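Structure record follows, encoded as structure tokens.
Number of protein chains: 2
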Amino acid sequence: MAAKDDVQALLFDVFGTVVDWRTSIIDDLTRFGAGKGVKADWAQFADDWRDLYQPAMDEVRSGRRPWTILDVLHRESLDKLIARHGLAGLSEADKVHINKVWHRLKPWPDAVEGLTRLKSRYIIGTLSNGNVGLLTRMAKFGGLPWDVILGAETALAYKPLPQAYLASAELLNLRPAQVMLVAAHNGDLAAAANAGLRTAFVVRPTEHGPRQDRDLEAERAWDVVADSFVGVAKAMGC
Amino acid sequence: MAAKDDVQALLFDVFGTVVDWRTSIIDDLTRFGAGKGVKADWAQFADDWRDLYQPAMDEVRSGRRPWTILDVLHRESLDKLIARHGLAGLSEADKVHINKVWHRLKPWPDAVEGLTRLKSRYIIGTLSNGNVGLLTRMAKFGGLPWDVILGAETALAYKPLPQAYLASAELLNLRPAQVMLVAAHNGDLAAAANAGLRTAFVVRPTEHGPRQDRDLEAERAWDVVADSFVGVAKAMGC
Numbered sequence: 175m176a177a178k179d180d181v182q183a184l185l186f187d188v189f190g191t192v193v194d195w196r197t198s199i200i201d202d203l204t205r206f207g208a209g210k211g212v213k214a215d216w217a218q219f220a221d222d223w224r225d226l227y228q229p230a231m232d233e234v235r236s237g238r239r240p241w242t243i244l245d246v247l248h249r250e251s252l253d254k255l256i257a258r259h260g261l262a263g264l265s266e267a268d269k270v271h272i273n274k275v276w277h278r279l280k281p282w283p284d285a286v287e288g289l290t291r292l293k294s295r296y297i298i299g300t301l302s303n304g305n306v307g308l309l310t311r312m313a314k315f316g317g318l319p320w321d322v323i324l325g326a327e328t329a330l331a332y333k334p335l336p337q338a339y340l341a342s343a344e345l346l347n348l349r350p351a352q353v354m355l356v357a358a359h360n361g362d363l364a365a366a367a368n369a370g371l372r373t374a375f376v377v378r379p380t381e382h383g384p385r386q387d388r389d390l391e392a393e394r395a396w397d398v399v400a401d402s403f404v405g406v407a408k409a410m411g412c
Numbered sequence: 175m176a177a178k179d180d181v182q183a184l185l186f187d188v189f190g191t192v193v194d195w196r197t198s199i200i201d202d203l204t205r206f207g208a209g210k211g212v213k214a215d216w217a218q219f220a221d222d223w224r225d226l227y228q229p230a231m232d233e234v235r236s237g238r239r240p241w242t243i244l245d246v247l248h249r250e251s252l253d254k255l256i257a258r259h260g261l262a263g264l265s266e267a268d269k270v271h272i273n274k275v276w277h278r279l280k281p282w283p284d285a286v287e288g289l290t291r292l293k294s295r296y297i298i299g300t301l302s303n304g305n306v307g308l309l310t311r312m313a314k315f316g317g318l319p320w321d322v323i324l325g326a327e328t329a330l331a332y333k334p335l336p337q338a339y340l341a342s343a344e345l346l347n348l349r350p351a352q353v354m355l356v357a358a359h360n361g362d363l364a365a366a367a368n369a370g371l372r373t374a375f376v377v378r379p380t381e382h383g384p385r386q387d388r389d390l391e392a393e394r395a396w397d398v399v400a401d402s403f404v405g406v407a408k409a410m411g412c
């Protein structure tokens, strides 16, 4: 019996793995900016915003800061970037709308089909650093057919802390080896494997744009390696 | 503007409101017992099991016992009832299977249609004392199209404690008044209303069988009163 034969649930990293955050943000804010007469290098803006993601979570991971959801961290980063990029004339309502662009991210083209196939046989859910409200709204926006929304907020721990993976398995009343993490990031999978989960790598070679230099291939022998969610579904017998 | 116009999410009590636990358990265990040659008064067994539900949670609500999920409470009650009803010859695997009957409960006939209609406009989710794993499997069994699984386990508080309702709204980043609880139980709705939620009563006159003597009508002027989830959908503009 292969290790993956024991799997009952597939949990997914979301930003970059399920949804194309960079293109979605660029397109959304370009349209928004045009409507408001606000000009910016929105590609640089998207990249800068994402660059502030790990440092913001590090404050919480380290215990220097009490539990804080990602919507709030995103908003603090946004306020820094509005100043850095010199964007003027944005109302509070505009800033709230911009911050919620993370709720309006589009799935990669194969995502909904692959998830739908996997859902016929497995529990499918999120295992994301996004907060529950963000992930719930993103799923409705993009038609993602999750069975369950799990992740940092339900674990009160940001990935890659072990508790993020362990608490997610526990909430499903499964042993870690009965849960597979699907992610486009080798580091996330390494942390999941250390916590005892099964692993599936899906390459997303343009997550970071045309000059992406990381996560272009599987860096270890993950249980599944595929180039789409449909490939994961096939590998898992769906 | 009516109070309900501000609602963004409808969260549902599950046992009795969404699913017909009593008929489901009687039918499931009657078949199981016939296959195993185990005879019992399964209707009485179902009622006795449900009667042990509130006392078991009271141990946790009171703080006399640390947080314990419903699957575990159900199993403890099951072991008591197996002795009380004199059921012999059940293996551990049989007991595990019987305990998971709570994962195999059938929706009331109007439930899936009403939820599907509501889902087009609102976030729909659970707000149940069932654990996340139980509710997730029940949804797959019955085709319940939840956006999100919330309740006692994500709040670490059993209804009707206020924290169960407040934490569920908080996880959706909503104010209590933006969340409506849908329930077949006046007491659950009263606790939700005290916590600031909106309320919808759906009468389920046979939840407790043909001689039901409680929750046969709305005991207060809840925001919505209906006799099915389709009625709730209509009242909410879906």
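Protein sequence lines, in the order shown, are assigned to chains A and B.
Residue numbers for the first sequence follow my numbering, so the first one is 175 and each next one is one higher.
Residue numbers for the second sequence follow my numbering, so the first one is 175 and each next one is one higher.
Glycine residues also receive a C-beta, built at the ideal position from the N, C-alpha and C atoms.
Just so we're clear, the structure is a prediction, and the values are computed from it rather than from any experiment.
Cross-chain neighbours of residue i in chain A, by beta carbon under 9 Å
i       : result
N305(B) : L345, N347
DSSP beta-bridge partners of residue i
i       : result
G209(A) : Looking at the DSSP assignment, G209(A) forms no beta bridge with any residue, so it has no partner.
I323(B) : T300(B)
P281(B) : V193(B)
T373(A) : L355(A)
A400(B) : V376(B)
F443(B) : One cannot answer for residue 443(B) here, as it falls past the ends of chain B, which runs 175 to 412.
Within chain A, the residues that residue i reaches when beta carbons sit closer than 8 Å
i       : result
E327(B) : L345
D245(B) : N347
Alpha-carbon spacing of residue i relative to residue j, whole angstroms
i       : j       : result
G307(B) : L261(A) : 46 Å
A217(B) : L185(B) : 29 Å
V399(B) : A409(B) : 9 Å
E391(B) : V377(B) : 6 Å
R394(A) : V234(A) : 29 Å
Y227(A) : L247(A) : 8 Å
P240(A) : W223(A) : 22 Å
P384(A) : A341(B) : 42 Å
G263(A) : R311(A) : 27 Å
F189(A) : T380(A) : 13 Å
D299(A) : V322(A) : Reading the sequence as shown, one finds Gly at residue 299(A) and not Asp. Their backbone Cα atoms lie some 5 Å apart in a straight line.
D268(A) : Y339(A) : 35 Å
D284(B) : K178(B) : 22 Å
T290(B) : L318(B) : 8 Å
F403(A) : W396(A) : 15 Å
L244(B) : G361(A) : 35 Å
D187(B) : K254(A) : 42 Å
K280(A) : A313(A) : 9 Å
A164(A) : S251(A) : Any property of residue 164(A) remains undetermined from this structure, which presents chain A solely from 175 to 412.
A208(B) : A214(B) : 10 Å
E266(A) : A257(A) : 14 Å
R205(B) : S302(A) : 41 Å
A331(B) : Q337(B) : 6 Å
H271(A) : W320(A) : 25 Å
N305(B) : A176(A) : 30 Å
Q386(A) : R238(B) : 55 Å
9 Å Cβ cut-off: residues of chain B touching residue i
i       : result
I297(A) : G307, T310, R311, K314
Rounded Cβ spacing between residue i and residue j (contact assumed at less than 8 Å)
i       : j       : result
V353(B) : L335(B) : That pair is no contact at about 16 Å.
L348(B) : T373(B) : Contact doesn't hold; Cβ gap of about 15 Å is too wide.
G288(B) : A407(B) : 5 Å
G411(A) : R249(A) : G411(A) to R249(A), Cβ: 42 Å. No contact.
L202(B) : R278(B) : Leu is not the amino acid found at residue 202(B); the sequence shown has Asp there. The pair is a contact, with the Cβ atoms about 6 Å apart (cut-off 8 Å).
L309(B) : G325(B) : 7 Å
F375(A) : A357(A) : 7 Å
Under 7 Å from the C-beta of residue i: neighbouring residues of chain B
i       : result
D321(A) : T310, A313, K314
Whether residue i touches residue j by CB criterion (8 Å)
i       : j       : result
V275(A) : I199(A) : yes
R196(B) : H382(B) : yes
A351(A) : D180(A) : yes
W282(B) : V212(B) : no
H259(A) : F315(A) : no
T328(B) : T242(A) : no
Residue i beta carbon near the ligand ADP (any heavy atom closer than 7 Å)
i       : result
K210(B) : The ligand ADP is not among the ligands present in this structure, which contains no ligands whatsoever.
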